[in-house]
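All residue numbers for the sequence shown refer to our numbering, where the first residue is 77 and numbers rise by one. Just so you know, even glycine gets a beta-carbon here, dropped at the ideal spot from N, CA and C. Before any comments, here is the structure.
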Amino acid sequence: MINAEALRQALGEDSVAEHQSQLGQFLSPLPIAEFMASLFPTIEGNVRLLDPGAGIGSLTAAFVEEACGRKRKPVSIDVSAYEVDPRMESGLNRTLSDCAKRCQGVGVRFTGTIIIGDFIETMATKATLQLFEEPMPAFTHVIMNPPYRKIRSNSISRKLLSHSGIETSNLYTAFMALAVDAMKIGGHFVSITPRSFCNGPYFKSFRKAFLNAMHLDRLHLFESRRDAFSDDNVLQENIIVSATRSDERSRDRVAISSSAKPCETPSSNRIVPYDAVVSPSDPDQFIHLAMDDNADAIAARIARMPASLPDIGIAVSTGRVVDFRVRKHLRAQKGPDSVPLIYPCNLCAGGINWPKEKTKKSQAIIDCEETAKQMVDAGIYVLVKRFSTKEEARRVVAAVFDSDSVGCERVGFENHLNFFHTGGSSLGRNIAFGLGAYLNTSTVDGFFRQFNGHTQVNASDLRKLKYPTRDQLISIGKKLLRNKKLDQADVDKIVANEVGWD
Numbered sequence: 077m078i079n080a081e082a083l084r085q086a087l088g089e090d091s092v093a094e095h096q097s098q099l100g101q102f103l104s105p106l107p108i109a110e111f112m113a114s115l116f117p118t119i120e121g122n123v124r125l126l127d128p129g130a131g132i133g134s135l136t137a138a139f140v141e142e143a144c145g146r147k148r149k150p151v152s153i154d155v156s157a158y159e160v161d162p163r164m165e166s167g168l169n170r171t172l173s174d175c176a177k178r179c180q181g182v183g184v185r186f187t188g189t190i191i192i193g194d195f196i197e198t199m200a201t202k203a204t205l206q207l208f209e210e211p212m213p214a215f216t217h218v219i220m221n222p223p224y225r226k227i228r229s230n231s232i233s234r235k236l237l238s239h240s241g242i243e244t245s246n247l248y249t250a251f252m253a254l255a256v257d258a259m260k261i262g263g264h265f266v267s268i269t270p271r272s273f274c275n276g277p278y279f280k281s282f283r284k285a286f287l288n289a290m291h292l293d294r295l296h297l298f299e300s301r302r303d304a305f306s307d308d309n310v311l312q313e314n315i316i317v318s319a320t321r322s323d324e325r326s327r328d329r330v331a332i333s334s335s336a337k338p339c340e341t342p343s344s345n346r347i348v349p350y351d352a353v354v355s356p357s358d359p360d361q362f363i364h365l366a367m368d369d370n371a372d373a374i375a376a377r378i379a380r381m382p383a384s385l386p387d388i389g390i391a392v393s394t395g396r397v398v399d400f401r402v403r404k405h406l407r408a409q410k411g412p413d414s415v416p417l418i419y420p421c422n423l424c425a426g427g428i429n430w431p432k433e434k435t436k437k438s439q440a441i442i443d444c445e446e447t448a449k450q451m452v453d454a455g456i457y458v459l460v461k462r463f464s465t466k467e468e469a470r471r472v473v474a475a476v477f478d479s480d481s482v483g484c485e486r487v488g489f490e491n492h493l494n495f496f497h498t499g500g501s502s503l504g505r506n507i508a509f510g511l512g513a514y515l516n517t518s519t520v521d522g523f524f525r526q527f528n529g530h531t532q533v534n535a536s537d538l539r540k541l542k543y544p545t546r547d548q549l550i551s552i553g554k555k556l557l558r559n560k561k562l563d564q565a566d567v568d569k570i571v572a573n574e575v576g577w578d
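Following this line, the structure appears as structure tokens:
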């Protein structure tokens, strides 16, 4: 038995753990490593395994255990383990030595190479030099838990990636892209990463390139952000991707599953058409995860909505006030020279609580030449939180802002809010309340959760959402305004009846 887990746990009690966190890298617990290794459909013949961001080799160890335990064993396993932190080298050496012994015991040839250095710089440089050198052999298998951290736009890594034709802003998607480029056609890929690449504009270029090169075989979601890497206090929603390098454009079916914790049997496991996960008509190639029949019904309801935001004459933007840039103009309370400043904390039960007591957030901003472009005129707007709290019950939280309720001629919306408007100006009252009700339905919230794996709701996501017609939204708004005392179930029912949801 290869005991990389003992090394991982020992590191968790050491100062190395803090250093790893700074690198954006978190070592894979044994249950995750074993589950990932089990997802490879075949491990046969002469295997060339790539493990980028290897740490102390937990994933490689699980892969070797899986290969040696299968009825159809490989002839040989050749591992290339990349690790940026030299303090991992001793543990990684021990793991590879144990792997060699395990393979020897079942008659499998084993070789392992440790490359201490930056995976991005090494691989991107090799890709550039291959114009003049013999190409490196392609990998048959990739297993990876890449680091998660933004890449600075002026960094060497970013420039090297661009030269290699890879446009991405995070380490984990850079690792994935480089690994795919290093694979042979028909090779198998398994990774655990944040789910954030599944949607949004920041990962669009990566997502399209990845899906063009790979056939998704299985997607496994961990339902809790807290449990996958609980030892390291990681609060990302994580997804395991099992895929095959393919030059075929035809796409068949995908297995999708989920579990609350890494060591638990999947609570949901289903086979769905590929087009239900990645729609061929979606230019942004969002990845949707409908985990059960109810999720399918939610996706079908949204698909039936007839309108886009331009169809109903409405736009959505990100709040203009970036508070740390105008700190000297912020005020605790409104005065004669200031206007209300609305933060996410001011959203409450579909409306606005302003000024909010017992908050550290400024409730006003000076209205002057320096801040003028960050304001909007008084009126009625629908606000949506850009971020929900880590384990908040709702992903989409909307509220109607009515300047009459706060008595102002101008207002500032802080950058952690999205706001719906008409050409930068006020919405009509009825349509604003109808739009707010639609966004707050459990159907819209459930739909967002199918492709939105992080706590952020981008304005771009809201632009892609399908909506009822303008007349339907106005009708919903009128019904809400006639009946002031409605709970969420009543609101859901009014919306459902108006738009024809079953």
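Is it buried or exposed for residue i, if we count other Cβ within 10 angstroms and need 16 for buried?
{"i": "residue 387", "result": "exposed"}
{"i": "residue 335", "result": "buried"}
{"i": "residue 235", "result": "exposed"}
{"i": "residue 264", "result": "buried"}
{"i": "residue 435", "result": "exposed"}
{"i": "residue 455", "result": "buried"}
{"i": "residue 261", "result": "exposed"}
{"i": "residue 544", "result": "buried"}
{"i": "residue 186", "result": "buried"}
{"i": "residue 105", "result": "buried"}
{"i": "residue 458", "result": "buried"}
{"i": "residue 575", "result": "buried"}
Grouping DSSP H, G and I as helix and E and B as strand, with all else coil, what is residue i?
{"i": "residue 116", "result": "coil"}
{"i": "residue 254", "result": "helix"}
{"i": "residue 138", "result": "helix"}
{"i": "residue 291", "result": "strand"}
{"i": "residue 517", "result": "coil"}
{"i": "residue 270", "result": "strand"}
{"i": "residue 436", "result": "coil"}
{"i": "residue 378", "result": "helix"}
{"i": "residue 335", "result": "strand"}
{"i": "residue 154", "result": "strand"}
{"i": "residue 277", "result": "helix"}
{"i": "residue 362", "result": "coil"}
{"i": "residue 416", "result": "strand"}
{"i": "residue 508", "result": "helix"}
{"i": "residue 144", "result": "helix"}
{"i": "residue 393", "result": "strand"}
{"i": "residue 484", "result": "coil"}
{"i": "residue 121", "result": "coil"}
{"i": "residue 476", "result": "strand"}
Hey, could you find the ends of the beta strand (DSSP E) residue i is sitting in?
{"i": "residue 387", "result": "No beta strand (DSSP E) contains residue 387, which DSSP labels as neither H nor E."}
{"i": "residue 408", "result": "Where residue 408 is concerned, there is no enclosing beta strand (DSSP E), given that its DSSP letter is neither H nor E."}
{"i": "residue 314", "result": "314 to 321"}
{"i": "residue 35", "result": "Residue 35 is absent from the structure shown; the chain starts at 77 and stops at 578."}
{"i": "residue 219", "result": "215 to 220"}
{"i": "residue 177", "result": "Careful: residue 177 lies outside any beta strand (DSSP E), inside the alpha helix (DSSP H) at 165 to 181."}
Please say whether residue j and residue i have beta carbons closer to each other than 8 Å?
{"i": "residue 419", "j": "residue 492", "result": "yes"}
{"i": "residue 469", "j": "residue 460", "result": "no"}
{"i": "residue 160", "j": "residue 125", "result": "no"}
{"i": "residue 143", "j": "residue 136", "result": "no"}
{"i": "residue 314", "j": "residue 271", "result": "yes"}
{"i": "residue 332", "j": "residue 367", "result": "yes"}
{"i": "residue 232", "j": "residue 197", "result": "yes"}
{"i": "residue 559", "j": "residue 276", "result": "no"}
{"i": "residue 199", "j": "residue 287", "result": "no"}
{"i": "residue 295", "j": "residue 317", "result": "yes"}
{"i": "residue 188", "j": "residue 157", "result": "yes"}
{"i": "residue 487", "j": "residue 452", "result": "yes"}
{"i": "residue 348", "j": "residue 329", "result": "yes"}
{"i": "residue 392", "j": "residue 538", "result": "yes"}
{"i": "residue 375", "j": "residue 523", "result": "yes"}
{"i": "residue 216", "j": "residue 140", "result": "no"}
{"i": "residue 246", "j": "residue 228", "result": "no"}
For residue i, report the span of its alpha helix (DSSP H) as first-last.
{"i": "residue 567", "result": "564 to 575"}
{"i": "residue 240", "result": "Neither: residue 240 is in no alpha helix (DSSP H) and is coded neither H nor E."}
{"i": "residue 345", "result": "Careful: residue 345 lies outside any alpha helix (DSSP H), inside the beta strand (DSSP E) at 344 to 349."}
{"i": "residue 538", "result": "535 to 540"}
{"i": "residue 555", "result": "546 to 558"}
**Asked** For the 8 Å Cβ check, are there 3 or more pairs between the stretch 111 to 119 and the stretch 239 to 252?
**Response** No: fewer than three Cβ pairs fall under 8 Å.
**Request:** Would you check if the stretch 119 to 135 and the stretch 143 to 150 touch, i.e. whether three or more CB-CB distances between them fall below 8 Å?
**Result:** yes
**Asked** Quick one: any contact between the stretch 401 to 414 and the stretch 435 to 452, if contact means 3 or more CB pairs under 8 Å?
**Response** yes
**Message:** Count Cβ pairs between the stretch 558 to 577 and the stretch 507 to 521 that sit closer than 8 Å; are there 3 or more?
**Reply:** yes
**Message:** Count Cβ pairs between the stretch 360 to 370 and the stretch 393 to 405 that sit closer than 8 Å; are there 3 or more?
**Reply:** no
**Prompt:** Would the stretch 181 to 193 and the stretch 214 to 227 be scored as touching if the rule is three or more Cβ pairs under 8 Å?
**Reply:** no
**Prompt:** Is there contact between the stretch 544 to 563 and the stretch 501 to 509, where contact requires at least three CB pairs shorter than 8 Å?
**Reply:** The stretch 544 to 563 vs the stretch 501 to 509: in contact.
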